[in-house]
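Protein chains: 2
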Amino acid sequence: MHNPRKQPLQARSRATQEAIVEAAARILETAGREGLTTNAIAERAGVSIGSLYQYFPNKEAVLAAVLRGKRAELQGWMRDAAERCREAPPAAALRALLEAGMRHQFERPRLAMEAEYAEQHLQLAPETAALAQEMAQIVLETIRRLAPAAGPQEARDVVAIAKGMINAAALNGEEGGAALVARVERAIRGYLRETASNSAEIRAVSSAAP
Amino acid sequence: MHNPRKQPLQARSRATQEAIVEAAARILETAGREGLTTNAIAERAGVSIGSLYQYFPNKEAVLAAVLRGKRAELQGWMRDAAERCREAPPAAALRALLEAGMRHQFERPRLAMEAEYAEQHLQLAPETAALAQEMAQIVLETIRRLAPAAGPQEARDVVAIAKGMINAAALNGEEGGAALVARVERAIRGYLRETASNSAEIRAVSSAAP
DNA sequence: AAAGAATGTGAAGGATTGCTCATATTCGCA
DNA sequence: TGCGAATATGAGCAATCCTTCACATTCTTT
Numbered sequence: 001m002h003n004p005r006k007q008p009l010q011a012r013s014r015a016t017q018e019a020i021v022e023a024a025a026r027i028l029e030t031a032g033r034e035g036l037t038t039n040a041i042a043e044r045a046g047v048s049i050g051s052l053y054q055y056f057p058n059k060e061a062v063l064a065a066v067l068r069g070k071r072a073e074l075q076g077w078m079r080d081a082a083e084r085c086r087e088a089p090p091a092a093a094l095r096a097l098l099e100a101g102m103r104h105q106f107e108r109p110r111l112a113m114e115a116e117y118a119e120q121h122l123q124l125a126p127e128t129a130a131l132a133q134e135m136a137q138i139v140l141e142t143i144r145r146l147a148p149a150a151g152p153q154e155a156r157d158v159v160a161i162a163k164g165m166i167n168a169a170a171l172n173g174e175e176g177g178a179a180l181v182a183r184v185e186r187a188i189r190g191y192l193r194e195t196a197s198n199s200a201e202i203r204a205v206s207s208a209a210p
Numbered sequence: 001m002h003n004p005r006k007q008p009l010q011a012r013s014r015a016t017q018e019a020i021v022e023a024a025a026r027i028l029e030t031a032g033r034e035g036l037t038t039n040a041i042a043e044r045a046g047v048s049i050g051s052l053y054q055y056f057p058n059k060e061a062v063l064a065a066v067l068r069g070k071r072a073e074l075q076g077w078m079r080d081a082a083e084r085c086r087e088a089p090p091a092a093a094l095r096a097l098l099e100a101g102m103r104h105q106f107e108r109p110r111l112a113m114e115a116e117y118a119e120q121h122l123q124l125a126p127e128t129a130a131l132a133q134e135m136a137q138i139v140l141e142t143i144r145r146l147a148p149a150a151g152p153q154e155a156r157d158v159v160a161i162a163k164g165m166i167n168a169a170a171l172n173g174e175e176g177g178a179a180l181v182a183r184v185e186r187a188i189r190g191y192l193r194e195t196a197s198n199s200a201e202i203r204a205v206s207s208a209a210p
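Just so you know, the protein sequences line up as chains F and S, in that order. Here the first sequence stands for residues 1 to 210, where the numbers follow my numbering. Here the second sequence stands for residues 1 to 210, where the numbers follow my numbering.
Encoded structure:
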């Protein structure tokens, strides 16, 4: 099973490589995963099939590149928002994070959904987990300024709430405008407030125990 | 393109038909959609490929039957919960609905996710929309007892919040126990409370305008 | 300009898939 | 028991699909 050949796949023209990835992305969002064939990708990218296989070892690798790109994009936006709002009011910081997530989902809704599904079937699980981890961390720092008692669980829940609402909106064909942001903000604020009072109760109850 | 033959597909043995659907479901949850081949389904169901095509006109029809089954199951549980709790305290009613949704997602998590994805690629959109509509309606009646000002938008948001949190939990491999239910309840309660105070504000502002 | 390296090409191999149809088997009934 | 209808079977067809490889083209260097 050793495989000594094939070292290139690295240098080559970066433009062509990106063209292939972008072609794959467009096919993914117009025809779904079952329409994503190597021939279709090559044709759409304006490249021959042979060339495609000089840039990528196989079809999965092309798909993986698409996912990696999408993930990096979201990661970049989230980091930007976090950095930019490190000293802004907490509500504004939360909104900036939300807007990053919304942009990710609404710029190319179909692609975002296909990517999310495909990620579970590829071996990118570790990278996906790492992104989730970082997002939870960023969110945690922000919500701590709104609800100091919040922990990792609350951060994961806030991410899940936002993702769920944004996803549903995208599926329903809604437009991702300020109205949606406002609703998600309300949901998160409500959850944090409720959680705070709940943990206060718990603390009160357990400290009242003998 | 006329196709006069093939009227059966109806009577036949119901047990065999269900065996085929169940086989498809199991393949879907172990190998995903790309592992769902007609040969695999037939083999797993203990039937020949020829027989499969006497029960279903094509592969899509088998998949559609799986989805229809899953959907009917959820629908049944939701209706049951709603009926059973029509005169129970609102909080208990909401919890019953949540438990129905959780059961749907956690009994066979992988299958639930594959089904949700597949539905968007089949022409079942109308049926899916009808289910969403009914779920929103059931939820609306329940949350109205907690927050009388709630409307269809709030019902959809509550569904989205619950779905998002339950989905995330299932993906993370969490177990869908009482702790998860409690967290989702908090999120929904918080959202409704926040929304109520928000609409009160809006009403106050707009009635204060000349 | 010439040669060698790098890159691009697409016909074709090998594998798989959805599905059909001629045949075999079983079932229901007299 | 015997016969016709209902049902089951699986080899095989046509259509794809992914991938390779012998060859054509372009680029680089001298």
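Every residue gets a Cβ at the ideal spot worked out from N, C-alpha and C, and that includes glycine. Please read these numbers as outputs of a predicted model, since none were measured by experiment.
- In this structure, Glu29/F is the residue among Ala196/F, Glu29/F, Leu52/F with its C-alpha nearest to the C-alpha of Ala118/F.
- Neighbours of Tyr191/S across chain F, judged by C-beta separation under 8 angstroms: Arg186, Ala187, Gly190, Tyr191.
- Within chain F, no C-beta atom comes less than 8 angstroms from the C-beta of Asn58/S; the nearest is roughly 15 angstroms away.
- For Thr16/S, the uninterrupted alpha helix (DSSP H) segment begins and ends at 14 to 31.
- For Thr195/S, the neighbours in chain F by C-beta distance under 7 angstroms run, in chain order, Arg186.
- Taking 9 angstroms as the cut-off, the Cβ atoms of Ile27/F and Ile49/F do not count as close.
- The segment 135 to 155 of chain S and the segment 90 to 104 of chain S touch, with no fewer than 3 CB-CB distances between them shorter than 8 angstroms.
- The Cβ of Val159/S sits closer than 9 angstroms to at least one Cβ of chain F.
- Listed by position along chain S, the residues whose Cβ is nearer than 7 angstroms to that of Tyr53/F form an empty set, because the closest Cβ is around 21 angstroms away.
- By the Cβ-count criterion, Thr195/S is buried, with 16 or more other Cβ atoms from all chains shown falling within 10 Å of its own Cβ.
- Annotated as distal: Gly164/S and Arg189/F, with beta-carbon spacing of 9 angstroms or more.
- Phe106/S carries a helical assignment under DSSP once its states are collapsed to helix, strand and coil.
- For Leu52/S, the enclosing alpha helix (DSSP H) stretches over residues 49 to 55.
- Taking one beta carbon from each stretch, the segment 104 to 121 of chain S and the segment 164 to 174 of chain S have 3 or more pairs nearer than 8 angstroms; the two touch.
- C-alpha of Arg71/F to C-alpha of Pro126/F: approximately 13 angstroms in a straight line.
- Nearest C-alpha to Gly76/S among Glu60/S, Met135/S, Ala129/S, Leu111/S: Met135/S.
- Taking the C-beta atoms as reference points, Met102/F is found nearer than 9 angstroms to Gly176/F.
- Following the DSSP letters along the chain, one finds Glu175/F in no alpha helix (DSSP H), marked with neither H nor E.
- Neighbours of Met165/S in chain F, taken as residues at a C-beta separation under 7 angstroms, are given in chain order as Asp157, Ala160, Ile161, Gly164.
- Counting only Cβ-Cβ distances below 7 angstroms, Arg183/F has contacts in chain S at Asp157, in chain order.
- At least one C-beta of chain S is nearer than 9 angstroms to the C-beta of Ala169/F.
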